[in-house]
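Residue numbering for the sequence shown follows the working numbering, starting at 10 and increasing by one per position.
Just so it is clear, CB atoms sit at the ideal spot from N, CA and C, and this is done for glycine as well.
Structure first, commentary second.
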Amino acid sequence: MRYFQTQDSAQQKLSLVIPSVRHYLTNTRLVQFVLARKLDQTYLAKEHQLEINPYQDPNTRTLYHVNFEVQRGVTWALCSSILEQIRALTIPVSDIARYHQSIHRLQSLREVTFLLDEKIMPARHVMLWLQEGDMEAHDKILQSQEEMLEAMYQFVQTHVDVHKNILHKVDCPPNKTWIGCPQSCPEKTLSKLLNLLPSSR
């Protein structure tokens with residue numbers, strides 16, 4: 010996946026491939042970092058009990074979360090100082106706020122891809138169970154989804170208003186990282202995003 014491309018067409022890629030559990034466990038500095046900050050507990054709290062596979066090594070779940078956390082940090086670190094030059098950008102939706110705050114600097118941005126990095130869309134059976142047994146948790150998940158989708162919409166709308174006729178492409182491909190729980194943008198939402206572009210007017 011391309012994470013950003015500058016005006017000089019020097020395409021930048023981040024190869025953040027999920028390492029094996031064995032590799033993770035042998036990386037003592039990374040393990041100590043995760044444990045010292047209790048990130049494993051933080052990540053576990055994001056998982057609904059019904060989604061946790063008792064036969065899966067808990068370190069595997071931790072790795073996915075660590076991967077996305079590193080990805081968010083590295084992406085911002087690499088492009089934050091050259092936002093004015095970026096023509097194409099992949100934005101982790103969980104980190105969209107700081108990109109929105111810097112939207113005045115994204116005057117060259119022609120293509121934006123939204124990455125649904127956080128698992129905010131649980132598996133269907135989890136939502137059905139919550140609908141019957143825990144409506145408060147069910148509604149909280151729906152609210153988080155709506156906020157995420159609205160953040161994407163607001164980003165595109167603001168960019169189109171601030172930098173007229175610059176943004177020409179928006180995408181939000183499915184993220185299949187989470188086994189059995191792919192994250193995908195509703196077609197209705199993607200259609201709304203595309204309708205904001207100058208080419209659709």
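Do you know whose CA, among the options, lies nearest residue i's CA?
i, options, result
"GLU120", "ALA160, SER193, GLN41, VAL165", "VAL165"
"TYR108", "LEU48, THR167, GLN192", "THR167"
"PRO93", "LEU87, ARG114, ALA86, VAL75", "Before going further, note that residue 93 is Glu rather than Pro in the sequence given. Taking only the C-alpha atoms, the option nearest GLU93 is ARG114."
"ASN174", "LEU98, SER208, TRP85", "SER208"
"ILE95", "TRP85, THR122, LEU118", "LEU118"
"LEU206", "TYR162, PRO182, ILE129", "TYR162"
"LEU124", "ASN204, GLN41, PRO183, GLY189", "PRO183"
"TRP187", "ALA132, GLN152, GLU141", "ALA132"
"CYS190", "HIS147, ILE129, LEU137", "ILE129"
"HIS74", "LEU44, LEU202, ASP49", "ASP49"
"ASP126", "GLN116, LYS185, ASP143", "LYS185"
Under a three-way DSSP split, which group does residue i fall into?
i, result
"LYS201", "helix"
"PRO207", "helix"
"ASN149", "Here the sequence assigns Lys to residue 149, which means Asn is not the residue at that position. DSSP places LYS149 in helix when its eight states are reduced to three."
"ILE175", "coil"
Please name the residue or residues paired with residue i in a DSSP beta bridge.
i, result
"ASP180", "THR122"
"GLN192", "ASN184"
On the DSSP letters alone, give me the boundaries of the alpha helix (DSSP H) that residue i sits inside.
i, result
"GLY142", "133 to 142"
"LEU92", "Per DSSP, LEU92 belongs to no alpha helix (DSSP H) and is neither H nor E."
"VAL102", "Looking at the DSSP string, VAL102 is not in any alpha helix (DSSP H), and its letter there is neither H nor E."
"LEU44", "37 to 45"
For a test of your reading of the model: does the CB of residue i fall under 7 Å from any non-hydrogen atom of the ligand GTP? Yes or no.
i, result
"ILE91", "Ligands displayed in this structure: none; no statement on the ligand GTP is therefore possible."
Can you confirm whether the region 98 to 108 touches the region 70 to 84 when touching is taken to mean that 3 or more C-beta pairs between the two stretches lie within less than 8 Å? yes
On the three-pair Cβ rule with 8 Å, is the region 189 to 198 touching the region 168 to 179? no
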